[in-house]
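In what follows, a structure is listed as structure tokens, so that the remarks can point back to it.
Residue numbers (the working numbering), protein chains in the order written: chain A, 1 to 283; chain B, 1 to 283; chain C, 1 to 283.
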């Protein structure tokens with residue numbers, strides 16, 4: 001994840017507002033299209049960027065992983081609309097987080113755990129009274145994506161409202177527990193988060209902050225897996241480990257599917273062991 | 001469905017033309033991309049909004065349901081390109097409907113039945129002679145989405161043409177039969193239209209015009225189903241009935257799939273019974 | 001494929017840059033969204049058009065088929081970002097092709113074989129030294145779509161860079177072998193390329209350049225298939241042959257799926273036989 005994305009395009013001055021969308025709405029029904037219609041009604045110039053709408057239904061953790069790992073590639077000022085919301089229509093709050101010039105709208109259900117936990121993030125809970133005044137007090141009870149998140153994202157993108165007026169800063173936002181790896185002096189034990197469409201297994205082990213990570217041994221299902229820098233460095237069919245383009249440990253199969261080859265499912269254990277740190281007998 | 005969508009964005013003045021797209025073209029081939037290319041060639045500023053392209057092939061009724069239920073969320077002036085068109089290349093006509101500032105382009109096969117049946121809608125059949133003059137007289141026989149609907153939508157959105165010149169008002173457009181529920185004094189019997197990606201069962205029973213609908217009993221497969229306002233109001237795994245965000249009766253399973261739980265398919269019967277109106281023995 | 005697409009929209013003057021995207025990235029992860037974020041960072045006004053992202057993983061030949069068959073529908077000046085790239089991060093080059101006012105970016109793996117083989121195409125190999133100077137010298141080894149192709153496409157679209165500075169003209173770009181049909185005086189033998197979502201079988205037999213193609217007999221699995229101009233000209237369930245809207249011979253089943261009916265897979269043989277040219281006994 002870049003610290004800053006350099007912008008050198010000739011058209012860099014007259015910025016167009018960007019709104020990204022990350023949901024579990026799927027493509028079979030026009031749910032996403034309705035969200036976009038309402039954003040455009042508020043901000044006709046918006047550039048709308050789909051992150052994905054194919055998250056498994058209610059996949060709060062995966063949504064949180066992706067928004068943390070992708071937001072820095074967007075231009076400053078982007079509004080990220082993140083709706084995986086099994087509690088829609090109940091008393092759960094709506095959060096607006098700000099960090100480094102980027103804005104995030106999401107239900108208060110743990111989705112923003114990683115974004116909100118950063119020391120430079122300001123998190124607000126949107127005030128129901130303000131929603132009422134803003135003409136958004138009577139959403140349908142089952143589609144806040146269309147009736148609340150979309151007009152809020154559109155108005156934020158258009159500059160018609162500012163976070164300060166929308167609600168108070170809060171610190172009691174919902175946290176997701178247990179999503180980091182276990183870390184010991186000789187071993188880090190993480191888990192498979194999901195397989196991507198190529199069958200590459202994404203883990204929850206971040207390698208960016210681990211000095212000389214390639215000196216550690218990777219063990220999957222008890223067997224060692226060699227490090228590579230990119231897929232083309234090993235023979236077709238080989239299982240390899242690498243730091244992927246999102247900064248985490250990935251298990252891949254060259255020109256194949258690691259998910260199919262290993263049959264590992266989300267939650268399966270992946271270990272990093274320090275050189276020379278053989279497991280104890282009976283481990 | 002809102003009577004009007006309030007627009008309050010700061011950028012609300014210099015409206016950008018919006019074109020929505022509703023087809024059965026799928027995402028595996030570049031069919032939709034070609035439609036967009038030709039719209040942008042005619043109207044470079046257009047904002048293009050995908051409703052869905054994943055309708056089952058030839059699903060005219062579902063296309064009609066969605067365009068009726070979603071169009072009012074779009075800014076006035078939007079052009080809706082609706083192409084589910086098994087008769088492509090035959091003598092079937094192309095319709096242009098206008099209602100409340102919105103324009104609809106579709107083949108004359110029943111897709112616009114609900115839109116066109118509204119008393120405020122004007123429906124025109126596009127004149128083949130005019131198409132010829134407009135340089136659109138020789139489309140490929142199998143892809144009118146790209147070769148006719150797209151340039152028509154683009155020119156309408158750009159303001160380069162007006163409906164009056166495109167063809168005469170007609171009243172003999174194709175109607176879809178039998179899509180409403182049976183209505184009696186003590187019972188309304190509708191049917192399942194489809195399941196959405198969450199397994200929620202959409203019915204063809206509109207609740208907006210039924211006073212005190214929650215006093216009626218919902219019966220699915222002979223068993224009563226309790227009303228809720230939103231999913232979070234019942235226990236996980238419960239089957240519930242609600243007025244969904246599109247105004248129709250929906251059968252849902254809290255944190256689960258009603259389609260999987262009930263095994264009901266499109267066409268299955270759903271009944272509303274007036275309180276005290278127990279079925280006759282042997283019913 | 002049109003020789004030129006006429007543009008008559010009222011908004012035709014102040015063109016907006018168009019970038020098309022053709023990849024095997026899928027929709028389940030935000031890979032495409034990240035590519036778009038970086039294009040917009042360089043060229044905020046760009047209109048982004050998805051061709052498809054659902055190509056089978058590593059389907060270089062299908063990507064090449066589509067980009068050859070669709071590019072002419074895009075406005076002049078369009079940048080086509082084509083990334084099916086199993087060799088990402090290795091020494092394979094990145095190509096920039098120009099033809100008729102359109103620009104194409106792709107890995108040098110055969111994807112641009114058909115585009116580059118046209119006598120009016122200029123092909124350049126992007127110079128790694130220039131990438132370094134442009135601030136693009138350190139991409140992640142596994143996601144050049146985001147880290148190289150996207151910023152290059154965005155800068156080209158924005159007009160900030162010109163092809164001449166990016167690298168030398170080359171003629172040793174990678175060719176795909178064996179993708180044309182066998183042609184004899186009495187027979188042309190091609191093959192099924194793929195089935196589209198309707199089950200229509202696309203072949204590699206181009207009909208545009210074959211005079212009076214409808215006088216030839218079409219044979220699939222040894223049985224003759226009648227020619228039609230469009231689907232509606234034969235009875236439901238019939239197998240028919242036609243010149244499809246991309247100029248190639250297509251085998252279709254009216255109101256059904258030819259792929260399901262014939263069980264033909266990609267690679268299966270399709271023959272055109274001159275009238276009177278019955279196969280030899282034992283053929």
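Every residue gets a Cβ at the ideal spot worked out from N, C-alpha and C, and that includes glycine.
A distance below 6 Å between beta-carbons, with the five flanking residues on each side excluded, links residue 120(A) to the following residues of its chain, in chain order: 99. Taking the Cα positions, residue 93(A) is about 30 Å away from residue 261(B). Positions of the beta strand (DSSP E) runs, each at least 3 residues long and wholly inside the region 45-102 of chain C, are given as 47-52, 79-83 and 94-99 in order along the chain. The region 64-73 of chain C makes contact with the region 28-38 of chain B; the number of CB pairs closer than 8 Å reaches 3 or more.
It is roughly 11 Å from the alpha-carbon of residue 250(B) to the alpha-carbon of residue 229(B). Proximity of the region 20-34 of chain C to the region 47-62 of chain C meets the contact definition, three or more beta-carbon pairs being nearer than 8 Å. In the three-state scheme derived from DSSP, where H, G and I count as helix and E and B as strand, residue 226(B) is classed as coil.
In the structure shown, residue 238(B) adopts coil according to DSSP, grouped into three states. DSSP places residue 23(A) in the uninterrupted beta strand (DSSP E) bounded by 18-23.
The shortest C-alpha to C-alpha distance from residue 201(B) to any of 210(B), 209(B) and 191(B) is the one to 191(B). The residue among 30(C), 67(C), 34(C) and 17(C) with its C-alpha nearest the C-alpha of residue 33(B) is 67(C). When the five nearest sequence neighbours on each side are left out, the beta carbons in the same chain lying within less than 6 Å of the beta carbon of residue 149(C) are those of 81, 83 and 105, in order along the chain. Annotation: the continuous beta strand (DSSP E) that includes residue 190(C) extends over 187-195. Judged by DSSP in its simplified three-state form, residue 249(B) adopts strand.
Within the model, the alpha-carbon separation for residue 77(C) versus residue 158(C) is close to 10 Å. In the three-state scheme derived from DSSP, where H, G and I count as helix and E and B as strand, residue 15(A) is classed as coil. 194, 196, 197 and 198: these are the residues of the region 175-198 of chain C whose beta carbon lies less than 9 Å from some beta carbon of chain B, given in chain order. Contact between residue 124(A) and residue 79(A) is absent: CB atoms are separated by about 14 Å, not below the 8 Å threshold.
When C-beta distances to chain A are compared with 7 Å, the residues of the region 59-74 of chain B below that value are 66, 70, 73 and 74, in chain order. In the three-state scheme derived from DSSP, where H, G and I count as helix and E and B as strand, residue 31(C) is classed as helix.
For residue 150(B), the enclosing alpha helix (DSSP H) starts and ends at 150-158.
Per the DSSP secondary-structure output, residue 105(C) pairs in a beta bridge with 81(C) and 96(C). Residue pairing from DSSP places residue 203(B) in a beta bridge opposite 192(B). By DSSP's assignment, residue 274(C) forms no beta bridge with any residue.
Of all residues in the region 33-53 of chain A, the ones placed with a Cβ closer than 7 Å to any Cβ belonging to chain B are 33, 34, 36, 37, 38, 40, 41, 42, 43, 44 and 45, in chain order.
Comparing C-alpha distances from residue 254(A) to each of 198(A), 269(A), 176(A) and 90(A) shows the shortest one belongs to 198(A). For residue 221(B), there is no enclosing alpha helix (DSSP H), as DSSP marks it with neither H nor E. Using a CB distance cut-off of 8 Å, residue 171(B) does not count as an interface residue toward chain C. Counting along the chain, the unbroken alpha helix (DSSP H) around residue 259(C) starts and ends at 258-262. One Cα belongs to residue 60(B), the other to residue 30(A), and the distance between them is close to 15 Å. Non-local C-beta neighbours of residue 153(B) in its own chain, meaning closer than 7 Å and more than five positions away in sequence, comprise 19, 39, 79, 81 and 105, ordered along the chain. Proximity of residue 231(C) to chain B, defined by a Cβ-Cβ separation below 8 Å, is satisfied. The C-alpha of residue 16(B) lies about 33 Å from the C-alpha of residue 206(B). Partner residues in the beta bridge of residue 243(A), as assigned by DSSP, are 249(A). Below 8 Å, too few C-beta pairs join the region 170-188 of chain A and the region 227-245 of chain A to call them touching: fewer than three. Under the DSSP assignment, residue 116(C) falls in the alpha helix (DSSP H) whose first and last residues are 113-116.
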